[in-house]
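Be aware that the sequence shown starts at 170, since it is given in my numbering, and climbs by one per residue.
Cβ atoms here follow ideal geometry from the backbone N, Cα and C, with glycine treated the same way.
Treat the numbers as computed from the prediction; the structure is a model and nothing was measured.
All remarks here apply to the structure that follows.
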Amino acid sequence: MRLCRYLRWKTYYGARWDTPEQLAEDLARGDVPFSCLRTCLPWGPDEGPAVPEGCQPDRACFVPSAKEPLPDRASNA
Numbered sequence: 170m171r172l173c174r175y176l177r178w179k180t181y182y183g184a185r186w187d188t189p190e191q192l193a194e195d196l197a198r199g200d201v202p203f204s205c206l207r208t209c210l211p212w213g214p215d216e217g218p219a220v221p222e223g224c225q226p227d228r229a230c231f232v233p234s235a236k237e238p239l240p241d242r243a244s245n246a
């Protein structure tokens with residue numbers, strides 16, 4: 170899953186997940202509120218919702234995260 174550099178969610182600092190699947194499960198559950206760092210609101214500069222499934226490369230305001238998972242790591246997990 171690619172995420173926008175400006176997508177943020179409220180979770181405790183330093184949260185870690187053992188597998189990419191655990192991270193995806195937490196994101197899909199929607200237990201945490203999301204916001205856009207560019208607007209500091211739950212929607213982005215284009216007024217679309219700040220959510221993982223919406224903050225994708227096809228969105229005009231999307232900027233890829235520098236911390237995207239490496240494909241090799243995900244396949245070896």
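If I follow the unbroken beta strand (DSSP E) through residue i, where does it start and stop?
{"i": "serine 204", "result": "203-205"}
Counting only the same chain and skipping the five closest in sequence on each side, list residues whose C-beta sits under 7 Å from that of residue i.
{"i": "valine 220", "result": "Phe203"}
{"i": "alanine 229", "result": "Asp215"}
{"i": "leucine 210", "result": "Ser204"}
{"i": "alanine 246", "result": "With a pLDDT of 46 at alanine 246, under the threshold of 50, the modelled position of that residue is not reliable, and the figure given next carries that caveat. Correct list, in chain order: Thr188 and Pro189."}
{"i": "glutamine 225", "result": "Arg171 and Phe231"}
Who are residue i's beta bridge partners in DSSP?
{"i": "leucine 172", "result": "For leucine 172, which the question treats as bridged, DSSP gives no partner whatsoever."}
{"i": "leucine 210", "result": "Cys205"}
{"i": "tryptophan 178", "result": "Phe203"}
{"i": "threonine 218", "result": "The amino acid occupying residue 218 in the given sequence is proline; threonine does not appear at that position. In the DSSP output, where bridge partners are listed per residue, proline 218 has Trp212."}
{"i": "proline 233", "result": "Cys173"}
Using a Cβ-Cβ cut-off of 6 Å (strictly less than) and excluding sequence neighbours within five positions of residue i, which residues of its own chain qualify?
{"i": "arginine 174", "result": "Val232 and Ser234"}
{"i": "glycine 213", "result": "Cys205, Ala219 and Cys230"}
{"i": "glycine 223", "result": "Gly217"}
Taking 8 Å as the limit between beta carbons, can you name the residues of its chain near residue i, skipping five residues before and five after?
{"i": "alanine 193", "result": "Met170"}
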